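Peer 1:
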Amino acid sequence: MHGGVGRDRLRFMSWTALICLGASDGPRVENLLLSAAQLLSEFDAAADASALCACSELYGDRHRVHRGGATVNLMLAMQVAPRWSVESMERRFKQIEAAFGRERDPQRVLPVPLDIDLVGRIDGEVQWQDRYDPARPYLFHGLYQLT
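Our numbering puts the last residue of the sequence shown at 128; the count rises by one with no breaks.
1. Should Arg64 go down as buried or exposed, given a rule of 16 or more other Cβ atoms within 10 Å for buried?
2. Less than 7 Å separating the beta-carbons of Met56 and Cys34?
3. With a 10 Å radius around its C-beta and 16 neighbouring C-beta atoms as the bar for buried, classify Trp109 as buried or exposed.
4. For Glu68, tell me which candidate among Tyr119, Arg9, Asn12, Asp98 has the shortest Cα-Cα distance.
5. Alpha carbon to alpha carbon, how far is Glu106 from Ala80? Give it in angstroms, no decimals.
6. Looking at the structure shown, is Arg73 part of a helix, part of a strand, or coil, going by DSSP?
7. Which same chain residues, not among the five before or five after Cys1, have their C-beta less than 7 Å away from its C-beta?
8. Throw me the rounded Cβ distance for the Thr(-3) and Arg102 pair, which I believe falls under 8 Å.
9. Within 6 Å: the Cβ of Gln76 and any heavy atom of the ligand NAP?
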C-alpha cells in the first residue's frame, strides 16, 4: 500500500483508544509527556502524526489523595493499529509504567510516577471499560476536552 489509499484503508481498520495518563509522584508532567510520546510511537495506526485525534490539557485532580499532592492527568484519543487488542495494550501499559518506576501496590495507597488506563474505545460507537465510569470527575474533565 502506498499513497493516500493505503493510509485510508489502514485508518478504516484501526480503532480509537481513549487513554487517561496520570502521575502523582516524581516529575509528573515530564512523565506524562514522555509516556504520551511513547504511546503515540508504539500504537500509531498510520505511522505519522495524524494518529493523535485529540489531547486534553494537563489537569490536576485530587480524587485519590497522596502525600505529595494532586495527581496530574492527560487524556488522549488516538488511532490504534488494528493488531493491538485491549488486552495487549493494557499489558504494554504495565510495562511502560514499570519502566517509569511504578511499583504495584495491591492497596493502591502509594503515589505513582505513572498510571496509564485504557478507559474506552471507539470502533463505530464508544465502548467504555467496565471498571471506569466516564462520569467520574477526573475522567469527565479530560474526556470533555476531547473533540
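Positions of the beta carbon are idealized from the N, C-alpha and C atoms, including for glycine.
For clarity, every value in this text was computed on a predicted model and none was experimentally measured.
Peer 2: Let's see:
1. exposed
2. no
3. exposed
4. Asp98
5. 33 Å
6. In the three-state scheme derived from DSSP, where H, G and I count as helix and E and B as strand, Arg73 is classed as helix.
7. Asn54, Met56, Asp98, Val100, Leu120, Gly123
8. 7 Å
9. Here there are no bound small molecules, and the ligand NAP is not part of this structure.
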